[in-house]
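Numbering (this note's numbering), first residue to last: 2 to 268. Each residue gets a CB set at the ideal place from its N, CA and C atoms; glycine is no exception.
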Ligand code: PLP
């Protein structure tokens with residue numbers, strides 16, 4: 002071995018990020034890599050799409066060239082052994098396909114946050130191909146973390162209440178043979194209970210406190226999925242990774258930053 006190459010077990014685990022670029026740094030690739038570093042891992046990755054956004058919202062979205070993304074990933078994964086993967090905004094079904102092809106080179110557990118629309122602004126962050134993107138990513142997925150709108154788009158089932166969303170998540174888990182995390186922060190109530198459902202039918206509740214105004218903080222979904230990937234990279238089981246990540250994000254939501262005139266962000 003090269004004297005410059007440190008053995009993987011003596012350094013921070015590598016986590017692969019495939020995500021869109023939010024130039025404001027509140028979500029997407031920049032936020033993901035920040036969270037992953039903060040949790041003791043070493044981020045590496047590819048940008049899937051460029052977005053035009055500041056803290057007031059998203060006004061443009063431009064998926065990157067799928068061939069380049071695929072080439073970058075294949076070249077990276079034939080060299081670096083990543084311990085977990087976080088996929089966020091893919092932007093187009095062709096990029097989802099490029100990611101899925103490259104993931105054949107990795108055995109790492111994969112968390113997918115199926116980003117489709119921004120909470121501020123109306124430039125869609127995904128083309129019409131979300132059902133096909135889900136299909137091509139399916140063999141690689143360990144966990145999907147949709148918000149209630151994304152869960153509706155992926156299943157066609159109503160997700161208006163936590164109970165409805167859990168039923169839709171069970172259907173999605175069965176279809177994809179993967180786990181699905183229903184995020185309670187998107188629903189009314191005094192607390193914020195997430196539900197982790199597995200294809201086996203196992204169901205676990207993750208209890209948490211509701212942070213007033215937390216639903217208006219930008220980047221919570223990105224931070225949560227990245228934190229779960231970081232904990233998986235450290236070798237934790239899925240339920241423990243989700244529990245630790247939820248507590249970490251609750252703390253971020255309680256202490257948001259305000260980099261511009263618009264929304265607060267988790268980091
Ligand atoms: N931009 C990018 C690149 C993202 O990945 C995301 C969400 O994951 C967003 C924008 C939207 O973030 P929010 O839902 O906080 O508006």
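So residue i packs on residue j, CB below 8 Å; how close in whole Å?
i, j, result
"residue 145", "residue 179", "6 Å"
"residue 194", "residue 207", "7 Å"
"residue 96", "residue 118", "No, residue 96 and residue 118 are not in contact; Cβ-Cβ is about 17 Å, not under 8 Å."
"residue 19", "residue 89", "7 Å"
"residue 192", "residue 210", "6 Å"
"residue 124", "residue 59", "5 Å"
"residue 185", "residue 163", "6 Å"
"residue 223", "residue 13", "About 20 Å; that fails the 8 Å criterion."
"residue 147", "residue 115", "5 Å"
"residue 26", "residue 260", "7 Å"
"residue 160", "residue 112", "The pair is not a contact, with the Cβ atoms about 20 Å apart (cut-off 8 Å)."
"residue 155", "residue 135", "6 Å"
By Cβ distance below 7 Å, which residues in the same chain neighbour residue i in space, the five residues on each side in sequence not counted?
i, result
"residue 81", "15 and 45"
"residue 254", "212, 215, 218, 221 and 267"
"residue 262", "56 and 57"
"residue 257", "218, 265, 266 and 267"
"residue 78", "103, 106 and 107"
"residue 175", "200"
"residue 63", "50 and 51"
"residue 244", "207"
Residues bridged to residue i by DSSP?
i, result
"residue 55", "58"
"residue 44", "16"
"residue 268", "Its beta-bridge partners do not exist; DSSP assigns none."
"residue 192", "210"
If you drop the 5 nearest sequence neighbours on each side, which residues of the same chain put their C-beta closer than 6 Å to that of residue i?
i, result
"residue 109", "83, 84, 85 and 86"
"residue 22", "29, 30, 48 and 51"
"residue 104", "141"
"residue 238", "none"
CB-CB under 8 Å to residue i, same chain, minus the five flanking residues each way: which ones, in chain order?
i, result
"residue 99", "67, 68, 70, 71 and 74"
"residue 101", "137, 138, 140 and 141"
Item to check | Contact between the stretch 243-252 and the stretch 223-233 (3+ Cβ pairs under 8 Å) | outcome: Remark: three or more beta-carbon pairs, one from each stretch, lie closer than 8 Å, so the stretch 243-252 and the stretch 223-233 are flagged as touching.
Next on the checklist: Check whether the stretch 126-141 and the stretch 162-169 are in contact - that is, three or more C-beta pairs closer than 8 Å.
Outcome noted: no
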